[in-house]
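Asks:
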Amino acid sequence: MNKVFYITTPIYYVNDTPHIGHSYTTIACDVLSRYQRLNGRETYFLTGTDEHGQKVSQAAKAAGKEPQQLVDEVVEKYKAMWKALNIGNDDFIRTTDPRHEKVVQKLFADLHAKGDIYPGQYEGWYCVPCETFYLETQIEKGLCPDCGRPLEKLKENTYFFRMSKYQDQLLAYIESHPDFVQPLGRYHEIVNFVKSGLRDLSVSRPRSRIGGWGIACPFDQEQVIYVWFDALLNYISAPGYGIEPERFGRVWPADVQVIGKDILKFHAIIWPALLLAAGIELPKKIFAHGWWTIAGEKMSKSRGNVVDPLKISAQFGVDSYRYFLLREVPFGQDGDFSETALSARYQADLANNLGNLLNRTLTMLEKYFAGIVPDPAPGRKTDETLTRLAQALPARIEQHLSELAFSLALERIWEIIDAANRYIENKAPWKLAKTDKEELAAVLYNLVDILRLVAVYLSPFMPKISQLMWEQLGLPGTPAELEITKTSLNQFPGKTRILKGQPLFPKLEINEEGARCS
Ligand code: MSP
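Each residue of the sequence shown is one higher than the one before, counting from 42 in my numbering.
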């Protein structure tokens with residue numbers, strides 16, 4: 042049986058509404074899984090919500106709600122956001138799902154039975170917003186070294202995970218799998234961190250201090266399991282670890298786990314150490330992307346600069362938003378989000394380049410061929426540049442997407458769009474209409490043929506736009522149903538009646554509230 046392509050996002054905290062940062066990871070994963078499906082591969086694309094932890098219980102308290110009530114409300118906002126952004130996840134895990142809680146308790150008990158979880162006392166500092174422990178030597182003035190907020194001093198009974206025991210095994214694994222952590226800079230960061238020595242990790246908290254919110258330790262009712270131990274296991278609980286062995290075997294190991302750079306250590310150190318302890322294969326790749334800032338500042342509620350993906354999508358269209366996030370900044374690097382930059386890409390890349398190419402081509406087909414695509418004449422003139430770019434495209438996209446280089450993949454597609462627009466300028470079909478009807482037919486055929494290819498490769502990135510292109514080109518079905526083998530040139534069915542419709546990217550109206558497509 043074929044291995045399913047398994048891709049994960051982090052599971053998001055439900056203490057707040059989703060913003061552009063959360064949508065970034067999820068959109069990136071959506072593109073990768075759509076691309077795999079386009080290639081005929083079965084996918085298991087998992088996202089979900091991280092519902093336990095002090096952060097969530099404190100947010101509930103502040104809102105005067107029970108934690109369960111808060112999480113049930115916020116999870117709906119996530120689900121609605123993913124629907125609005127056209128995210129095609131195959132599953133959605135909540136850490137309050139019984140299917141998840143069972144696995145967490147079982148693994149906690151197994152590691153305890155094996156001696157890898159042992160009782161002790163934790164003395165140190167804890168950051169609630171980061172849900173992270175820090176050593177005295179890591180902090181200054183009682184502030185969190187990561188987020189700068191005040192820490193809590195803790196001295197309490199706990200259970201430790203014997204992470205130190207897995208240090209050498211983990212280092213050996215990482216060093217023999219140079220693709221395990223990406224991008225490369227992050228890989229070196231992790232190697233150095235593991236070399237500097239791993240300490241055992243506190244993996245439970247006294248129920249008396251944090252209240253009952255969390256998964257109970259199966260053999261000690263006084264203790265609740267640490268939220269990161271709980272959360273990381275979602276990646277194996279959802280595909281059925283220990284419960285549905287056959288399904289789990291088809292899905293695991295994850296092909297790629299996409300995260301933000303802030304949670305790299307949890308995923309590239311604690312997570313593989315837990316898997317090593319449990320005797321489970323490690324994921325193939327952990328990819329840490331960069332962060333979006335707003336006018337150079339971190340996004341935060343207190344600064345009032347949090348960007349709402351739904352608002353931006355209402356202004357520019359969902360696909361323009363998806364395009365911008367993945368085109369503007371190389372995945373792995375930080376970037377600054379602004380409506381001005383999005384507006385510029387909308388005008389230049391989308392409306393003037395892609396939109397215009399489709400519009401001009403269809404207008405000329407209507408004008409010169411009554412809206413019917415001419416048959417592809419054997420031996421007709423083709424364009425060398427367009428043919429070369431089109432032939433190279435599948436392998437290039439494959440290469441870039443296997444490296445999560447979304448912006449490069451989009452650049453390759455736009456190279457073709459640029460070349461097709463130049464082809465129109467060079468061929469001047471409006472002149473051929475008077476002099477050479479045969480060549481005119483060839484030029485227009487070559488253009489729809491290229492547009493068809495562009496729609497196929499754009500479909501993972503811009504599913505709605507590529508579908509609209511497909512329909513306007515008069516093609517049946519959807520571009521995403523197409524097997525990739527049919528993406529060579531000369532596949533456009535002759536005599537197709539095109540259906541020119543509304544522009545793909547309507548003009549932006551700019552007013553004092555900003556831009557909006559009309
Ligand atoms: N619940 C944990 C993850 C547990 S996974 C087993 C968590 N949740 S989170 O909601 O705080 O963040 C989820 C993801 O959103 C992280 O990958 C984080 O990097 C990403 N982002 C949050 N703000 C971001 C930006 N401003 N820019 C880009 N991504 C950012 O951490």
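Heads up, the beta-carbon is just placed ideally off N, CA and C, and yes, glycines get one too.
Quick one, which of G396, D349, K236, I310 has its alpha-carbon nearest M122's?
Replies: D349
Asks: For I321, which of helix, strand or coil comes out of DSSP?
Replies: coil
Asks: Return the residue from the list K102, W333, R538, P504 that minimises the CA-CA distance to I61.
Replies: W333
Asks: Measure from the alpha carbon of Y214 to the alpha carbon of each residue in P504, S384, P313, then state which is nearest.
Replies: Closest in alpha carbon position to Y214, among P504, S384, P313, is P313.
Asks: What does N198 pair with, by DSSP beta-bridge criteria?
Replies: Answer is Q162, bridged to N198.
Asks: Quick one: is the Cβ of T137 within less than 6 Å of any heavy atom of ligand 1?
Replies: no
Asks: So, under 8 Å CB-CB, V169 and Q95 are touching, yes? Tell me the CB distance rounded to an integer number of Å.
Replies: Between Q95 and V169 the Cβ distance is about 5 Å, and since that is below 8 Å, they are a contact.
Asks: Quick check: the Cα distance between K408 and T402, rounded to an integer number of angstroms?
Replies: 10 Å
Asks: Could you tell me whether any non-hydrogen atom of ligand 1 is closer than 6 Å to the CB of A37?
Replies: Absent from the model: residue 37. The displayed extent of the chain is 42 to 559, so no value can be given.
Asks: Rounding to the nearest angstrom, what Cα-Cα distance links Y498 and E444 in this structure?
Replies: 16 Å
Asks: By a C-beta neighbour count over all protein chains shown, 10 Å radius and 16 as the cutoff for buried, is E322 buried or exposed?
Replies: exposed
Asks: Might you give, ordered along the chain, the residues of its own chain that have their beta carbon closer than 6 Å to the beta carbon of R78, omitting 5 neighbours on each side?
Replies: T84
Asks: In whole angstroms, give me the CA-to-CA distance for V297 and S507.
Replies: 25 Å
Asks: Does the Cβ of M204 lie closer than 6 Å to at least one heavy atom of ligand 2?
Replies: The model on display carries ligand 1 but not ligand 2.
Asks: Could you say which of W254, I52, D477 lies nearest to I134 if we only look at CA atoms?
Replies: I52
Asks: Would A483 and R421 be called neighbours here (beta carbons separated by less than 7 Å)?
Replies: In terms of Cβ geometry, A483 and R421 form a close pair [threshold 7 Å].
Asks: Who are D377's beta bridge partners in DSSP?
Replies: Under DSSP, D377 shares a beta bridge with T334.
Asks: What runs of the alpha helix (DSSP H), each 4 residues or longer, lie entirely inside the region 468-499?
Replies: 470-476, 478-499
Asks: Of the choices I266, V347, R453, R227, whose alpha-carbon is the least far from that of H308?
Replies: R227
Asks: Report, in whole angstroms, the separation of the C-beta atoms of N394 and D459, which I expect to be a contact under 8 Å.
Replies: About 7 Å separates the CB atoms of N394 and D459; that is less than 8 Å, so the two are in contact.
Asks: Count the other CB atoms within 10 Å of the CB of F260; is the residue buried (16 or more) or exposed (fewer)?
Replies: exposed
Asks: Please report how far the alpha carbon of G183 lies from the alpha carbon of S343, in whole angstroms.
Replies: 21 Å
Asks: Tell me the residue span of the alpha helix (DSSP H) that contains R362.
Replies: Residue identity differs from the one stated: residue 362 is Tyr in this sequence, not Arg. Looking at the DSSP string, the run of the alpha helix (DSSP H) that includes Y362 is 359-369.
Asks: Do three or more CB pairs link the region 275-295 to the region 182-199 at distances below 8 Å?
Replies: The region 275-295 vs the region 182-199: no contact.
Asks: Given 6 Å as the limit, tell me if M340 has its C-beta closer than that to any heavy atom belonging to ligand 1.
Replies: yes
Asks: Determine, using beta carbons only, whether D490 and L434 come nearer to each other than 7 Å.
Replies: no
Asks: Would you kindly check if the distance between the Cβ of L430 and the Cβ of E456 is under 7 Å?
Replies: For the pair E456 and L430, the CB atoms are nearer than the 7 Å cut-off.
Asks: Assess, as a yes-or-no matter, whether the region 215-234 is touched by the region 106-126 under the definition of 3 or more beta carbon pairs within less than 8 Å.
Replies: no
Asks: For T173, I'd like the list of residues in its chain whose CB is within less than 6 Å of its CB, leaving aside the five on either flank, ordered along the chain.
Replies: Leaving aside the five residues that flank T173 on each side, none in its chain has a CB nearer than 6 Å to its CB.
Asks: Can you give me the start and stop residues for the alpha helix (DSSP H) that Y409 sits inside?
Replies: 397-410
Asks: For the alpha helix (DSSP H) containing Y207, list its first residue and its last residue.
Replies: Segment: none, Y207 is in no alpha helix (DSSP H) and carries neither H nor E.
Asks: Between I327 and I300, which are expected to be in contact by the criterion C-beta below 8 Å, what is the C-beta distance as a whole number of angstroms?
Replies: Correct: roughly 7 Å between the Cβ atoms.
Asks: Can you find at least 3 beta carbon pairs, one from the region 201-220 and one from the region 124-144, that sit closer than 8 Å?
Replies: The way I'd put it, the region 201-220 doesn't touch the region 124-144; fewer than three beta-carbon pairs between them come closer than 8 Å.
Asks: Examine ligand 1 and report whether any of its heavy atoms sits within less than 6 Å of the Cβ of D91.
Replies: Indeed, a heavy atom of ligand 1 lies less than 6 Å from the Cβ.
Asks: Taking buried to mean at least 16 other C-beta atoms within 10 Å of its own C-beta, is D375 buried or exposed?
Replies: exposed
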